Amino acid sequence: NGMPYKKDLLNGTTMANLLVRIKGYEHSEMERLFNGVETLRFFLQHLTTFLLIAPFYSCKRGIINLVIKELIFMMLVAIIALILFVLFLSLYNSLVRKRNKCDEAFSTMDVYMKKRFDLIPNLVETVKGYAKHEAETLEKIIAKRNSGQMSTDQRMENEQEITGAVRQIFALAENYPDLKANQNFINLQNQLTKAEEDIANSRKFYNAIVREYNDACQTIPSNIVATIFGFERKTMYEAKETERENVQVSF
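Here this note's numbering = 1-based position in the sequence shown + 777.
Structure representation (structure tokens):
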């Protein structure tokens, strides 16, 4: 009787251990299954989040790239505008300097013309008894000069008339020995000849400066600035055909 009980006891113990092992196995398998489900849920959750947020980040990145492109474009426009402004300012200053040089050159020439003009009344008084017609011509020219304000072109035309009349008087003086021998006339003739030489040299310089200025007013791109700010072409002081002839000064 003792042996069957012991066997049953042993079998009971064995069955208990077997049940424990089965339960442990089931628990382990359930735990692994649970972990797998959790992992799958975690993956699906993050995948969903990525799918929802990814377009936003893509859009944001596109906006950033667009802003960067716009900034680069604005910087290029600003640089180009700065370069154009500097060029515009340089051309304007260049035209101003050239115009001032023209005014300065004309002022220098005007000094010599005024010096000659101051000698004309004395010349008229000296030759009145010999070259009456030419003396009257000079008097008319002087009266026209003193009549009022004259433009630059009118001044140049008036100076050319004076030059022509003085040359005629010098030429007619050859027919009057007494006039040729007049010491006052000789002095005036020398002074006027020197004044004519100074006027001719200053006129060459003036024409060179005016030519440079006019070229700047007519050539691209400075002509654009000249048109906007009203830089007008200046008239060159060209000698007439009669002035190109050599003055015969003989005593």
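Even for Gly, the Cβ is constructed at its ideal location relative to N, Cα and C. The structure presented is a predicted model; accordingly, all values stated were derived computationally and were not measured.
Whole-angstrom C-beta distance between residue j and residue i, which should lie under 8 Å
i              : j                 : result
isoleucine 939 : phenylalanine 894 : 7 Å
threonine 1012 : methionine 933    : 7 Å
tyrosine 1062  : alanine 972       : No information on residue 1062 is available, as it lies outside the stretch 778 to 1028 that the chain covers here.
leucine 868    : serine 999        : 5 Å
Residue j beta carbon less than 8 Å from that of residue i
i              : j               : result
tyrosine 1014  : lysine 875      : no
leucine 872    : leucine 965     : no
isoleucine 963 : asparagine 935  : no
alanine 882    : isoleucine 1005 : no
DSSP state of residue i mapped onto helix, strand, coil
i                  : result
phenylalanine 894  : helix
threonine 914      : helix
lysine 921         : helix
glutamate 936      : helix
phenylalanine 1008 : coil
glycine 906        : coil
lysine 784         : Per-residue confidence for lysine 784 stands at a pLDDT of 43, beneath the threshold of 50, marking its modelled position as unreliable; the derived number appears in the next sentence. Lysine 784 falls in the helix class under three-state DSSP.
asparagine 959     : coil
serine 928         : coil
threonine 996      : coil
tyrosine 869       : helix
methionine 886     : helix
tyrosine 953       : coil
methionine 851     : helix
glutamate 1015     : coil
Alpha carbon of residue i to alpha carbon of residue j, nearest angstrom
i                  : j                 : result
lysine 891         : tyrosine 983      : 16 Å
phenylalanine 1008 : glutamate 974     : 31 Å
isoleucine 997     : aspartate 880     : 23 Å
serine 928         : alanine 977       : 20 Å
glutamate 902      : alanine 912       : 8 Å
leucine 843        : leucine 853       : 15 Å
threonine 914      : valine 904        : 12 Å
arginine 980       : glutamine 995     : 22 Å
valine 863         : phenylalanine 850 : 20 Å
glutamate 847      : isoleucine 857    : 15 Å
glutamate 1022     : asparagine 959    : The predicted model places glutamate 1022 with a pLDDT of 49, which falls under 50 and marks its position as unreliable; any figure quoted below should be read in that light. Answer to the nearest angstrom: the Cα atoms are 25 Å apart.
alanine 1003       : alanine 948       : 46 Å
glutamine 822      : isoleucine 841    : 28 Å
leucine 969        : isoleucine 1001   : 44 Å
Close Cβ partners of residue i (< 6 Å) along its chain, the five nearest in sequence each way excluded
i            : result
tyrosine 907 : Tyr953 and Leu956
leucine 900  : Leu965
Neighbourhood of residue i by C-beta, 7 Å cutoff - its chain only, sequence neighbours within 5 removed
i             : result
aspartate 785 : For aspartate 785, the predicted structure reports a pLDDT of 46, less than 50, and the residue's modelled location is therefore unreliable. The matter cannot be settled from this model.
aspartate 930 : Thr1012
Residues of its chain near residue i, where Cβ-Cβ distance is below 8 Å and the 5 sequence neighbours each way are ignored
i             : result
aspartate 992 : none
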